[in-house]
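Notes follow once the structure below has been shown.
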Amino acid sequence: PYHEPIILHNNDELVKILQDNNVKSVLLVTDKGLTNLGLYNSLVDTARENGIKVSIYDGTVANPTTKNVDEAVKIYKDNACSAIIAFGGGSPMDCAKATGARIARPKKSLGKMKGILKVNKKLPLLIAVPTTAGTGSETTLAAVITDSETRHKYAINDFPLIPRYAMLDANLTVGLPKFVTATTGMDALTHAIEAYIGRSTTKDTRKNSLEAVKLVFENLHVAYEDGANLTARENMLQAAFLAGLAFTKSYVGYVHAIAHSLGGKYNVAHGLANAIILPYVLKKYGRHIYKKLWQMGVYANLFDDKTSIEAGAKIFIEKIEAMNKSMSIGTNIPEIQEEDIPALAITAEKEGNPLYPVPVLYTAKQLEDIY
942 PYHEPIILHN
952 NDELVKILQD
962 NNVKSVLLVT
972 DKGLTNLGLY
982 NSLVDTAREN
992 GIKVSIYDGT
1002 VANPTTKNVD
1012 EAVKIYKDNA
1022 CSAIIAFGGG
1032 SPMDCAKATG
1042 ARIARPKKSL
1052 GKMKGILKVN
1062 KKLPLLIAVP
1072 TTAGTGSETT
1082 LAAVITDSET
1092 RHKYAINDFP
1102 LIPRYAMLDA
1112 NLTVGLPKFV
1122 TATTGMDALT
1132 HAIEAYIGRS
1142 TTKDTRKNSL
1152 EAVKLVFENL
1162 HVAYEDGANL
1172 TARENMLQAA
1182 FLAGLAFTKS
1192 YVGYVHAIAH
1202 SLGGKYNVAH
1212 GLANAIILPY
1222 VLKKYGRHIY
1232 KKLWQMGVYA
1242 NLFDDKTSIE
1252 AGAKIFIEKI
1262 EAMNKSMSIG
1272 TNIPEIQEED
1282 IPALAITAEK
1292 EGNPLYPVPV
1302 LYTAKQLEDI
1312 Y
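Numbering-wise, the working numbering comes out as the position in the sequence shown, counting from 1, plus 941.
So, in structure tokens, the structure goes:
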């Protein structure tokens, strides 16, 4: 029952969808940073001018929590909302999806919806408006939530969580800080690569991944250096969208499993964690993924098809490291404590297998090397 979100381009189109669905009151889920930037003001104004009441929840934190969802659900109910707009990066998207799941299944806790196909009920109308070009969350069936009490981070995966509409407006990403542009862009690259090298691909997901990888290599550094370059910004939104389409069907791998463990334990931003971890995991997979890395490198014009498979694969990883370096992304995560590593590795190992179709299976002990 997978469906692709229908793409919208501006506030007027979005408000028309609300009117067509007879929505009189809508909940907008976002975060404090976007409130301070005033980024959603024009959307809210357009909705209100058309007689639609907009209630705003902006308490979402990085790595959104069960407490965030409870707060958002209360505002939704108190204001008799019938639709949700997810406005922001991956965190508001995850919070909005989980809020929708709790509205759809009021008697079921988020913890009980953890895993695969546990929501199993239609959500209120959900429209995603990404303000970063990275998470691809506007296309996916996943919401990642952190338990407020235990700090355990887990994913809820089900088809009703896929937003019905996604508004891709490059103007909303123009004001992004450089470092956010960098790390969210590397998040999109990680999605595309992990979807492509995994063992559960289709012709469509491979095509989407290749196109996304090419777009990131061609546009991310341009968007980083010149934030007002609308073409680069549009191309990065497209890359994130395509990578989202790929990984929501083909899943990810150990890069994400490790990043999620670090997000839960230390609140390390997800895109930053992925960017740093990606080269380490690709090197560990080694020859098992050389051919696929070579294919992506040729498609992205990083080298020609005369380059040997092993040399091409190594160039591909070097290009990732060089791009990280050019955008001031480091090579280590200082929060990691030596004594935490065994427990972190166990968490990642449990998430990585059997949930993800990883190219190579590793034990928790083997994953400790990466940490």
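Each residue gets a CB set at the ideal place from its N, CA and C atoms; glycine is no exception. Only a predicted model underlies this, so the values are computations on that prediction, with no experimental measurement involved.
Starting from residue i, trace the beta strand (DSSP E) both ways and give me its first and last residue.
i	result
Leu-968	966-970
Asn-1098	1094-1098
Gly-949	It is worth fixing the name first, because residue 949 is Leu in this sequence and not Gly. First-last of the beta strand (DSSP E) with Leu-949: 947-949.
Tell me which residue opens and which closes the alpha helix (DSSP H) that residue i is part of.
i	result
Ala-1241	Here Ala-1241 belongs to no alpha helix (DSSP H), and DSSP marks it neither H nor E.
Arg-1228	Unbroken run through Arg-1228: none, as it is neither H nor E.
His-1197	1195-1207
Asp-1145	1144-1166
Val-1121	1119-1138
Thr-915	Any answer about residue 915 is impossible in this case: the structure gives the chain only from 942 up to 1312.
Lys-1038	1031-1045
Asn-1176	1171-1191
Ala-1289	1282-1293
Lys-1063	First-last for Lys-1063: undefined, no H or E at that position.
Thr-976	973-978
For residue i, count neighbouring C-beta atoms within 10 Å of its own C-beta (all shown protein chains included) and say buried if the count is 16 or more, exposed if not.
i	result
Thr-1272	exposed
Pro-1118	exposed
His-1229	exposed
His-1197	buried
Asn-977	exposed
Thr-1122	buried
Pro-1275	exposed
His-950	exposed
Pro-1101	buried
His-1211	buried
Leu-1302	exposed
Thr-1304	exposed
Pro-1071	buried
Asn-1160	buried
Gly-1238	buried
Asn-991	exposed
Asn-1061	exposed
Pro-886	Any question about residue 886 goes unanswered here, given that the chain covers just 942 to 1312.
Thr-1143	exposed
Glu-1175	buried
Ala-1252	exposed
Is the distance from the Cβ of residue i to the Cβ of residue j below 8 angstroms?
i	j	result
Leu-969	Tyr-981	yes
Thr-971	Pro-1033	yes
Ala-1136	Ser-1150	yes
Phe-1182	Glu-1079	yes
Ala-1069	Ala-1107	yes
Gly-1030	Glu-1012	no
Pro-946	Ile-1044	no
Ala-1042	Met-1054	yes
Ile-1057	Asn-1098	yes
Val-995	Val-985	yes
Ala-1133	Ala-1187	yes
Met-1356	Asn-1265	Lying outside 942 to 1312, the shown extent of the chain, residue 1356 is not represented and no answer is given.
Thr-1114	Ala-1074	yes
His-1162	Glu-1292	no
Leu-1109	Ile-948	yes
Val-1002	Asp-1035	no
Ala-1284	Thr-1189	no
Pick helix, strand or coil for residue i, following the three-state DSSP scheme.
i	result
Val-1070	strand
His-1025	Per the sequence shown, the amino acid found at residue 1025 is Ile instead of His. Strand.
Val-1085	strand
Gly-1000	strand
Thr-1107	Residue identity check: residue 1107 is Ala in the sequence provided, not Thr. Note: Ala-1107 maps to strand in three-state DSSP.
Val-956	helix
Gly-1056	strand
Thr-1006	strand
Val-985	helix
Lys-994	strand
Thr-1091	coil
Ala-1263	helix
Pro-942	coil
Gln-1278	coil
Leu-1051	coil
Val-1222	helix
Ala-1216	helix
Ser-1078	helix
Thr-1114	helix
Gly-1271	coil
Ala-1254	helix
What do you reckon, is the C-beta of residue i under 7 angstroms from a heavy atom of the ligand SAH?
i	result
Lys-973	Here there are no bound small molecules, and the ligand SAH is not part of this structure.
Check whether the region 1079-1095 and the region 1201-1214 are in contact - that is, three or more C-beta pairs closer than 8 angstroms. In the pairwise beta carbon analysis, the region 1079-1095 is classified as touching the region 1201-1214: at least three pairs are separated by under 8 angstroms.
How about the region 1277-1293 and the region 1149-1165: do they share at least three Cβ pairs that are nearer than 8 angstroms? No, the region 1277-1293 does not touch the region 1149-1165.
Touching by the beta-carbon criterion (3+ pairs, under 8 angstroms), the region 1296-1310 and the region 1129-1145: Result yes; three or more Cβ-Cβ pairs closer than 8 angstroms.
Is it the case that the region 1211-1222 contacts the region 1246-1266, given that we only count it when at least three CB pairs across the two stretches are under 8 angstroms? Yes, since at least three Cβ pairs between the region 1246-1266 and the region 1211-1222 fall closer than 8 angstroms, the two stretches touch.
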